[in-house]
Structures are given as structure tokens and as C-alpha cells.
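Only one structure is covered here, and it is reproduced in the block below.
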Amino acid sequence: MDTKDGGKMHVVMLPWLAFGHVLPFTEFAKRVARQGHRVTFLSTPRNTRRLIDIPPGLAGLIRVVDVQLPRVEHLPEHAEATIDLPSDDLRPYLRRAYDAAFQRELSLLLQEAKPDWVLVDYASYWAPAAAARHGVPCAFLSLFGAAALSFFGTPEALLGLGRHAKTEPAHFTVVPEYVPFPTTVAFRGYEARGMFKPRMVPVDSGVSEDYRYAKTIQGCRLVGIRSSTEFEPEWLQLLGELYEKPAPSSVVYAAFGSEVKLTSTQLQRIALGLQLVLLPLVFEQGLNARNLVDKKISMEVARDEQDGSFAADDIAAALRRVMVEGEGEQFGAKVKELVKVFGDDEVNDTCVRDFLRHLSEHSKKNQG
Numbered sequence: 470m471d472t473k474d475g476g477k478m479h480v481v482m483l484p485w486l487a488f489g490h491v492l493p494f495t496e497f498a499k500r501v502a503r504q505g506h507r508v509t510f511l512s513t514p515r516n517t518r519r520l521i522d523i524p525p526g527l528a529g530l531i532r533v534v535d536v537q538l539p540r541v542e543h544l545p546e547h548a549e550a551t552i553d554l555p556s557d558d559l560r561p562y563l564r565r566a567y568d569a570a571f572q573r574e575l576s577l578l579l580q581e582a583k584p585d586w587v588l589v590d591y592a593s594y595w596a597p598a599a600a601a602r603h604g605v606p607c608a609f610l611s612l613f614g615a616a617a618l619s620f621f622g623t624p625e626a627l628l629g630l631g632r633h634a635k636t637e638p639a640h641f642t643v644v645p646e647y648v649p650f651p652t653t654v655a656f657r658g659y660e661a662r663g664m665f666k667p668r669m670v671p672v673d674s675g676v677s678e679d680y681r682y683a684k685t686i687q688g689c690r691l692v693g694i695r696s697s698t699e700f701e702p703e704w705l706q707l708l709g710e711l712y713e714k715p716a717p718s719s720v721v722y723a724a725f726g727s728e729v730k731l732t733s734t735q736l737q738r739i740a741l742g743l744q745l746v747l748l749p750l751v752f753e754q755g756l757n758a759r760n761l762v763d764k765k766i767s768m769e770v771a772r773d774e775q776d777g778s779f780a781a782d783d784i785a786a787a788l789r790r791v792m793v794e795g796e797g798e799q800f801g802a803k804v805k806e807l808v809k810v811f812g813d814d815e816v817n818d819t820c821v822r823d824f825l826r827h828l829s830e831h832s833k834k835n836q837g
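Every position in the sequence shown, counted from 1, becomes a number in this note's numbering once 469 is added.
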């Protein structure tokens, strides 16, 4: 840490190329800069133009570095985020371009100006080793909550090693035996089959999704979770035991985003369901959905266990239970409690300050 800056840090941030990753990382960068720290933010030209808006008052503290992606076979021209891809089958080619360009840019940056920390997303599995060569520590900023991370288990399990390894789709449909409390957090059969191949099997980018997660977690000194002890204390406790890493038990930031590509049939049935009840519906990923149901703040729409299909009546039935039959009162009360945590800027800034204090203290221990 540069003492001539009065203890202020310089951090580098590398989000994955998806709107639901770039936007939360950008929000976090602003909160870090508001507390006087410098941020170097790696992005791509197109994502910078459409997503990253730095307030004039923070322009001197946040430097956005545009990284040009190389041409990769099968990757559409001008594709710089997952939303630009016409098919999810093309994601491996975006990852390949990301790996080549961002790894090179990070290495140059580490040579030119030694930062205090590199804060990485799950995809940058090569970043911890690159930073270590220059004596710079890495921290993993997870956009997954503690429940999802705990479900997938230790880095060793993510690599397919040990007794808790999930090596076939059926393993993802049951609650892991190391979870010591009641929960429904697990994948449905149709979800497990759909996500098994990209998560576990090496793809055209050279490595699987789980390999990226595992190597990122293993190589990072600290793990920051987008969560709160008020929301999922039991999962945060379990995750600390699984990772055996010091992790701040507080909200790092609260900016939620998702990318859900629905088929035309699904959109049609959602529209029909909404016409029946005239109420909005928000979809969450499988594990997150089950966690929200466990917390009594959400109700999951019934879907076919084999193929995940649903009908307009399924949506209408779920919404009636919440809005007409009284169950919504319980949900509403719980949501109001959580809004005080996730929607309070002062609380979020305090939590960011605590996270930065963890980074600073960890740096001092290593220097000592």
C-alpha cells in the first residue's frame, strides 16, 4: 500500500463480459472511489459506451481501460458481452477472446503500475497467478450468493475431486450432505441437465465453468460475497468453513442483474399468465429461486420436472396465492426487512468500507 497516498489503495477490477457482471462491478467501483481509493477498471470499448457511466466527481479516481477483443472464429463481430450472442452455444468463443485480451492487458498493467489488489470475477481464473508473479494479491468478488457457492462446494469438488464432487447431473438435484440445516436449495432435473455440460465439461474456450470458479477461488486471498448476514447467515457460516478463507460477513454491494433468454413459447405463456392476473413476474436462477422460497420472500412457479415447461395457469396460480389468498402478506413483511439492508446506501457504503478494511489489513499482514 502506498503510504504517500495516506493509506489509500489502488485496485484493479476485472468483471466478466456480461451486463449482470459489468454493472454490479461498476457500482462497486464507484463506492470504492467515493471512499478515496483509486480504481482501474478493465472493460471493452462497446461495454464502456453502453454500461459504464462515471460521475465527473469520480473521474480522477476511476480509470476505465478499454481492452480490444481479438477476432475469434465463430464469435460474431462486435460481440463484447453475452447479450450480443445470438446463441448461448457461442459463449465459449467469447470466453476465449476474453482470456486472450484481458490476460495480456492485466500483465501489462501489473508491470507498469503495481496495484495493491486485483479484484476478479469468476471467469478470470488466470488472474491470481499473473498477479502473484508481481507480488500483488487477488480477491474474488462473487456475484453468486453464499447459498449457491456453498451448494457447489469446495474448489476441489468443483474440480471433480473428493467425496463431494458432482460428476453427473443427478448429483446437482439433491442437497449436499455437508449442509447441516434444512433447505430446498438444489437444482431441478431439467436445470441440472441443462447446466451440466457447460459447467463441468471443458468447452471450446479450453476449460469448464467449474474449473474457472475453482482456480479463481484457490488463487485468491479473500472472497467477497454479494450477500448479507441478515439474509443468509447460515450459508455464509457454511461457506467460510468450506473455503477456509477469511471473508467479510457483510454486504459488499447490492446491485442485482440477470440475463434470462426465454423461448418464444415461454414468453407467450408468461404473457397469458399476466393477462389473467395483471401482475409482474420476476425469474431467478434455480438455486437463487429455492433460497428465496426458503426465506419466505418468494414463491416458485410450478414447472414440469422433466423439461421445465410451464403453462399460463401455473403463473396465474402462483400469483393468486401471493396476491389474493393472503400469502403475500408474509412475503411483503420479509421483503420490507431486507429492503432496509439492500436498499440503504449508508449501510452499503459501510459494508464496502469494511470490505476495504479487510483488504488493507490483509496487505499489512503480508508485508509484516
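Ideal Cβ placement from N, Cα and C applies to all residues, glycine included.
Kindly indicate which three-state DSSP category residue i falls into: helix, strand or coil?
i: residue 611; result: strand
i: residue 481; result: strand
i: residue 629; result: coil
i: residue 507; result: strand
i: residue 544; result: coil
i: residue 602; result: coil
i: residue 659; result: helix
i: residue 499; result: helix
i: residue 594; result: coil
i: residue 664; result: helix
To which residues does DSSP link residue i through a beta bridge?
i: residue 535; result: 512
i: residue 709; result: Its beta-bridge partners do not exist; DSSP assigns none.
i: residue 648; result: Beta-bridge pairing links residue 648 to no other residue.
i: residue 694; result: 611
i: residue 589; result: 483 and 609
Any heavy atom of the ligand GDP closer than 7 Å to the CB of residue i?
i: residue 533; result: Among the components of this structure there are no ligands whatsoever, and the ligand GDP is therefore not found.
Measure the beta-carbon distance from residue i to residue j and round it to whole angstroms, keeping in mind my assumption that it falls under 8 Å.
i: residue 486; j: residue 567; result: 6 Å
i: residue 498; j: residue 510; result: 5 Å
i: residue 787; j: residue 770; result: 5 Å
i: residue 689; j: residue 607; result: 5 Å
By how many angstroms is the C-alpha of residue j removed from the C-alpha of residue i?
i: residue 703; j: residue 648; result: 9 Å
i: residue 807; j: residue 758; result: 16 Å
i: residue 565; j: residue 805; result: 42 Å
i: residue 513; j: residue 604; result: 26 Å
i: residue 610; j: residue 624; result: 15 Å
i: residue 587; j: residue 659; result: 37 Å
i: residue 516; j: residue 656; result: 32 Å
i: residue 539; j: residue 801; result: 48 Å
i: residue 550; j: residue 477; result: 32 Å
i: residue 684; j: residue 494; result: 20 Å
i: residue 626; j: residue 814; result: 36 Å
i: residue 718; j: residue 697; result: Its pLDDT being 37, under 50, residue 718 is placed unreliably by the model, and the measurement read from it follows with that caveat. Straight-line Cα distance between these residues: approximately 7 Å.
Does any C-beta atom of chain C lie closer than 8 Å to the C-beta of residue i?
i: residue 597; result: Protein chain content of the structure displayed is limited to a single chain, and chain C is not contained in it.
Inset, instruction - For the stretch 567 to 577 and the stretch 590 to 610, state whether three or more C-beta atom pairs, one from each stretch, are separated by less than 8 Å. - result: yes
Legend entry - the stretch 551 to 565 in contact with the stretch 517 to 533 per 3-pair CB rule at 8 Å: no
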